[in-house]
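Colleague: Numbering (my numbering), first residue to last: 715 to 1102.
Built from N, CA and C at the ideal position, the CB exists for glycine as well.
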């Protein structure tokens, strides 16, 4: 199995969204045939020069259930130095799964050769996720202990795959928001013991941390690492009165020892009105990367990076990065690799993302930049090979 520590190379792992095929639940909520491409195609530029809609190179609006698509993605990613994918995994009440077909299809297809791991996106599935309201489409139930066992047994089928990524021999499992799970300690203990029955030493649990805060339960040995999920970790998305309220809330939480900040709070965000009258949150790309490249305060933090970000296809009141391009990304990515090597940090970078087209965060080639972002990764990693 591919292990993070199998050699001294830095492993690039890209988050992977499977919402590129229709499912009945999305059809009911958003209309027949809905996929991530639906939002991408209908996006409109909100001001002169706004890079919307984003168009995949050669109009490759793929369907993940079609033969050859995941093989193409795997080959392309590895060609440009991406070590692995981190597939989002959606498991809900009573074992309800959503968007599971691509990863299940991949499991039985050896031609998708790229290593991978899984991130349990453990929130309720709501319309808000795609710019709508808070109506719940599928809900979580964290108290069903029988479901815990069904869930981990399902995941073990992936852990046993020769392509599954491990950390010192333990399968790597991310959890998006563990603080939502009231009995998380008991749940993870159950899962750890269960996988031992299958011959593993345990699970390497990681938090996908997009808020720059952690729960004290982290100190109880539940999680080995936390990933700096960008751009949110390094750019606290706050402004004005919301910022004041959040600072007040943070002070109270710290006093109660509920949360501990692991990063200095940064007010990176600006609000801009577009020509359509809509207000957007805008984050400067260079300033964001200054935060990403800042020294970590805690040894358990795993580096994250972001290619670009613009989620206005999901909501015109969204957030976008200003100033992103392949040349800047390559320069900053190189500095991040330098930082990891110099500090001897955990040898991996989790990039947001391989294919988050609806959020403008994708490594896949598009009509504007071609293979530029992928070439940036390849150039940086190839330079390291030459130096060594």
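(1) With a threshold of 8 Å on Cβ separation, who are the neighbours of residue 1083 within its own chain once the five nearest residues in sequence on each side are excluded?
(2) What residues are listed by DSSP as bridge partners for residue 819?
(3) If you run the structure through DSSP and keep just helix, strand and coil, what is residue 1075?
(4) Alpha carbon to alpha carbon, how far is residue 951 from residue 998?
(5) DSSP on residue 1089, reduced to helix/strand/coil?
(6) Going by the CB atoms, is the gap between residue 886 and residue 880 shorter than 9 Å?
(7) For residue 827, does the count of other Cβ atoms within 10 angstroms reach 16, so buried, or fall short, so exposed?
(8) Apply the 10 Å Cβ neighbour rule to residue 954 and answer buried if 16 or more other Cβ atoms are within range, or exposed otherwise.
(9) Going by beta carbon distance, what residues of the same chain come within less than 8 Å of residue 835, once the five residues before and after it are set aside?
(10) Residue range of the alpha helix (DSSP H) that residue 901 falls in?
(11) So which of 862, 1079 and 1062 has the shortest CA-CA distance to residue 727?
(12) In terms of residues, what are the limits of the alpha helix (DSSP H) holding residue 1048?
(13) Extract the residue ranges of the alpha helix (DSSP H) inside the segment 760–819, only unbroken runs of 4 or more that lie entirely within it.
(14) Quick one: grab the DSSP three-state call for residue 750.
(15) Assuming residue 826 is part of the alpha helix (DSSP H), what are its boundary residues?
(16) Under the DSSP definition of a beta bridge, which residues are partnered with residue 1103?
(17) Pairs of beta-carbons, one from the segment 846–862 and one from the segment 909–921, closer than 8 Å: are there three or more?
(18) How long is the line joining the alpha carbons of residue 979 and residue 780, rounded to whole angstroms?
(19) Could you have a look at residue 875 and say whether DSSP puts it in helix, strand or coil?
(20) Measuring alpha carbon to alpha carbon, tell me which residue in 746, 796 and 788 is nearest residue 723.
(21) Hey, is residue 883's beta-carbon within less than 9 Å of any beta-carbon in chain C?
(22) What residue range does the alpha helix (DSSP H) around residue 742 cover?
(23) Considering only their Cβ atoms, is the gap separating residue 900 from residue 1017 smaller than 9 Å?
Modeller: Taking the geometry as given:
(1) 1039 and 1040, listed in sequence order.
(2) DSSP, once it has assigned bridges, lists no residue as partnering residue 819.
(3) Three-state result, residue 1075: strand.
(4) Note that residue 951 scores 35 on pLDDT, short of 50, meaning its location in the model is unreliable; the coordinates nonetheless yield the value given after this. Computed Cα separation, rounded: 12 Å.
(5) helix
(6) yes
(7) That one is exposed.
(8) Low confidence applies here, because residue 954 scores a pLDDT of 32, under 50, leaving its location unreliable; read the following figure in that light. By the neighbour-count rule (16 or more Cβ atoms within 10 Å), residue 954 is not buried but exposed.
(9) 802, 803, 804 and 890
(10) 898–910
(11) When each option's Cα is compared against that of residue 727, the closest is 1062.
(12) 1040–1057
(13) Qualifying alpha helix (DSSP H) stretches, in chain order: 783–793.
(14) helix
(15) Here residue 826 belongs to no alpha helix (DSSP H), and DSSP marks it neither H nor E.
(16) Here the chain covers residues 715 to 1102 and nothing more, so residue 1103 does not appear.
(17) no
(18) Here the model assigns residue 979 a pLDDT of 39, short of 50, so the residue's position is not dependable and the matter cannot be decided.
(19) DSSP places residue 875 in the coil class of the three-state scheme, outside both helix and strand.
(20) 796
(21) The chain inventory of the structure shown lacks chain C, comprising one protein chain alone.
(22) Where residue 742 is concerned, the enclosing alpha helix (DSSP H) stretches over 738–744.
(23) no
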